[in-house]
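**Student:** Numbering (our numbering), first residue to last: 95 to 286. Got a structure for you, written out below as structure tokens; questions coming shortly.
So this is what it looks like as structure tokens:
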């Protein structure tokens with residue numbers, strides 16, 4: 095009898111983990127597609143709600159819009175889908191976390207024609223801000239091809255009704271929000 099109960103609990107645990115993993119994969123794909131399509135409403139609905147509350151809904155939408163298009167450049171993701179690398183799901187402080195990384199090629203197209211000197215300066219800025227050395231200037235397109243690793247952190251807790259919601263750590267404001275909401279201890283335990 096005890097053995098049967100143990101097997102039943104083990105099966106339920108594996109089923110819950112598999113369901114959680116599947117919903118994580120589905121939610122991650124949905125967030126990436128929203129970024130590819132620049133669907134700001136879907137990006138917001140898949141972002142961690144406390145972060146949006148702290149930043150403010152209007153400010154969050156404005157930040158997303160300026161991230162993709164501003165007076166200086168237009169940013170576009172280049173691939174419609176990418177392979178995600180999922181870290182282990184970790185339970186910390188009654189919350190579930192998962193770090194997700196993926197290679198993310200991005201194109202920055204500049205509005206004003208760049209000279210050789212300004213192209214070098216923009217290239218250096220893109221390398222620094224994207225934490226990559228893989229930046230290629232394409233003079234005919236007046237754009238840069240940036241190949242980088244993007245990091246999302248997925249969180250499921252009581253504030254999200256245990257649905258996966260995300261932080262995009264490439265975005266400085268979302269990265270700061272993650273650290274202020276969860277602290278250095280969680281960041282360290284996640285290996286960030």
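Quick reminder that beta carbons are idealized off the backbone N, C-alpha and C, glycines included.
Assuming residue 195 is part of the beta strand (DSSP E), what are its boundary residues?
**Tutor:** Here the beta strand (DSSP E) through residue 195 covers 189-204.
**Student:** Can you tell me the Cα-Cα spacing of residue 149 and residue 247, whole angstroms?
**Tutor:** Taking the straight line joining both Cα atoms gives about 18 Å.
**Student:** Assuming contact is defined by CB atoms lying nearer than 9 Å, are residue 168 and residue 205 in contact in what I supplied?
**Tutor:** Yes.
**Student:** Can you give the Cα-Cα distance for residue 231 and residue 210, rounded to whole angstroms?
**Tutor:** So the two alpha carbons sit approximately 10 Å from each other.
**Student:** Less than 8 Å between the CB atoms is what I'm expecting for residue 203 and residue 241, so what's the real figure, rounded?
**Tutor:** With 8 Å as the limit, residue 203 and residue 241 do not qualify as a contact, their Cβ atoms being about 16 Å apart.
**Student:** Check whether the Cβ atoms of residue 115 and residue 196 sit closer than 9 Å, and answer yes or no.
**Tutor:** Their beta carbons are not under 9 Å apart, which means residue 115 does not touch residue 196 by this criterion.
**Student:** Which whole-angstrom value is the C-beta distance of residue 187 and residue 280, which I expect to be below 8 Å?
**Tutor:** Residue 187 to residue 280, Cβ: 7 Å. Contact.
**Student:** If I measure Cβ to Cβ from residue 221 and keep anything under 7 Å in the same chain, skipping five residues before and after, which residues do I get?
**Tutor:** Once the five neighbours on either side are set aside, the close Cβ partners of residue 221 are 227 and 229.
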